[in-house]
Ligand code: LLP
């Protein structure tokens, strides 16, 4: 059964005390023009592209920190830990930036665990481990690292966790990731909270599983977790999911389980258009929705935002290689491709594309902006009206800080891009461009 979020119960954000605002107050975006040139904070992009080549990911550290602080502020009234979802952008320097400010991490693999260890070891104790198919070696590594919580997604996984914990003699704090059967209104590939999805355990079965877990001496029922999907713009589905979780927690506590944490997952969406975006207001609405769902239930709240912290902090800078016309269509072919940023190809996602140096005059062009990969699916935008750029010019794909580099591949034997982190007036190379030697290093002939 799908749970439609009732229109009646939905509290209009503007009606909420303390959060009413007439017009959005946009926070400064990191990518802004100064004169004709596009900057990331105080660093001009064109010289970076000259120095490090293209395609080039550029991120603003200030933006990432300020988004993290928005969460810290909005949830200040409740004990909480923001566990950044590593999969959104797992570059070590970004993990270190967040870890050193007190963030925890949501990981989904042994690989992500190692990234956290390498980037900021003290954060290991603030790690939650999600994922539907954890393997014994990954569980062992996480147990030894003494992570905060395992988000368990099946009874089989719970058995495996109990077995590994006993074997190693290390107690495992676990939460069942429950599937609340709530519709999240997002792209079907990134919606996870319905009973038809592979994620979590049906919320109706959870009580019995916590009861049967009591037989495992090395398992500690520590929390309940939920995650209903990603790029969710309305906050009501979060409230609906948490209401169900809070009700489960009440029952579990009555059953005698000492449930200390509620993990609300991630999923808060951003605006990929160039419209003003009031991030602070969005986080406040989100916090209010979660509070509404939680009601009086006290617990340490865990949050797993990914996209919201890093997406708008990043751009992919690329050079136009070729301009051509096929029939009536214009094509601009860039040196970045679907292997660098797969979101448009995979989800038909929209990214704003802007010139790094504004061309003189106001003339525009309607074109498909595409990469050189041999697939018609290799596009960034179709029939997009863009400033009249020409071969040799640089353009930036905005809001590419989340699920850009982490979903990059070597398709067509293309090396992965370099990455720059802008901190104040400093631009630091945080990942060099991948070479052909890197690509061939694992192959055996
Ligand atoms: N927690 C769990 C258990 C998740 O599965 C995810 C994302 C997150 C947290 C973070 O969600 P966020 O706050 O970033 O929405 N590649 C897609 C998004 C996939 C999201 C997968 N899970 C995209 O490019 O839109």
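In the working numbering, the protein residues as written are 52 to 496.
In this text, a Cβ means the ideal position worked out from N, Cα and C, and glycines have one as well.
Provide the residue span of the beta strand (DSSP E) that contains residue i, from first to last.
i: residue 189; result: Run containing residue 189: none in the beta strand (DSSP E); it sits in the alpha helix (DSSP H), 187-195.
i: residue 85; result: 82-85
i: residue 291; result: Counting along the chain, residue 291 falls outside any beta strand (DSSP E), though it belongs to the alpha helix (DSSP H) covering 287-305.
i: residue 370; result: 365-377
i: residue 271; result: 270-276
i: residue 155; result: 155-158
i: residue 233; result: Careful: residue 233 lies outside any beta strand (DSSP E) and carries neither H nor E.
i: residue 495; result: Per DSSP, residue 495 belongs to no beta strand (DSSP E) and is neither H nor E.
i: residue 430; result: 430-438
i: residue 380; result: 380-385
i: residue 448; result: 445-448
i: residue 416; result: 415-421
For residue i and residue j, what's the separation of their Cα atoms in angstroms?
i: residue 79; j: residue 329; result: 9 Å
i: residue 211; j: residue 123; result: 35 Å
i: residue 183; j: residue 251; result: 7 Å
i: residue 133; j: residue 300; result: 20 Å
i: residue 72; j: residue 291; result: Because residue 72 carries a pLDDT of 48, less than 50, the predicted location of this residue cannot be relied on, and the following value inherits that uncertainty. The straight-line gap from Cα to Cα measures roughly 24 Å.
i: residue 436; j: residue 418; result: 7 Å
i: residue 486; j: residue 338; result: 44 Å
i: residue 494; j: residue 186; result: 25 Å
i: residue 164; j: residue 276; result: 19 Å
i: residue 471; j: residue 364; result: 11 Å
i: residue 489; j: residue 234; result: 43 Å
i: residue 112; j: residue 288; result: 30 Å
i: residue 149; j: residue 446; result: 28 Å
i: residue 286; j: residue 224; result: 29 Å
i: residue 465; j: residue 247; result: 36 Å
i: residue 201; j: residue 358; result: 22 Å
i: residue 180; j: residue 172; result: 16 Å
i: residue 90; j: residue 430; result: 25 Å
Counting along the chain, where does the alpha helix (DSSP H) carrying residue i start and finish?
i: residue 351; result: That residue, residue 351, is in no alpha helix (DSSP H); its beta strand (DSSP E) goes 351-354.
i: residue 124; result: 112-125
i: residue 213; result: 206-219
i: residue 396; result: 394-398
i: residue 361; result: 358-361
For residue i, does the count of other Cβ atoms within 10 angstroms reach 16, so buried, or fall short, so exposed?
i: residue 415; result: exposed
i: residue 305; result: exposed
i: residue 138; result: buried
i: residue 101; result: exposed
i: residue 434; result: exposed
i: residue 110; result: buried
i: residue 498; result: Lying outside 52 to 496, the shown extent of the chain, residue 498 is not represented and no answer is given.
i: residue 204; result: buried
i: residue 215; result: buried
i: residue 177; result: buried
i: residue 114; result: buried
i: residue 478; result: buried
i: residue 483; result: exposed
i: residue 491; result: exposed
i: residue 255; result: exposed
Going by DSSP in three states, residue i sits in which element: helix, strand or coil?
i: residue 478; result: strand
i: residue 248; result: coil
i: residue 148; result: helix
i: residue 131; result: strand
i: residue 181; result: coil
i: residue 406; result: strand
i: residue 200; result: strand
i: residue 166; result: helix
i: residue 489; result: helix
i: residue 72; result: For residue 72, the pLDDT reaches just 48, beneath the cut-off of 50, and the residue's location in the model is therefore unreliable, although a value from the coordinates is still provided. Note: residue 72 maps to coil in three-state DSSP.
i: residue 93; result: coil
i: residue 260; result: helix
Would you mind giving the Cβ-Cβ distance between residue i and residue j, rounded to the nearest angstrom? I have them listed as a contact below 8 Å.
i: residue 283; j: residue 320; result: 5 Å
i: residue 396; j: residue 383; result: Residue 396 to residue 383, Cβ: 16 Å. No contact.
i: residue 40; j: residue 345; result: In the structure displayed, the chain extends from 52 to 496; residue 40 sits before or after that span and is not available.
i: residue 449; j: residue 407; result: Going by Cβ atoms, the distance from residue 449 to residue 407 rounds to 11 Å, so no, they are not a contact pair.
i: residue 451; j: residue 108; result: 7 Å
i: residue 350; j: residue 311; result: 6 Å
i: residue 476; j: residue 93; result: 5 Å
Is there a C-beta anywhere in chain B that falls below 7 Å from the one on residue i?
i: residue 396; result: The structure shown contains no chain B; it holds only a single protein chain.
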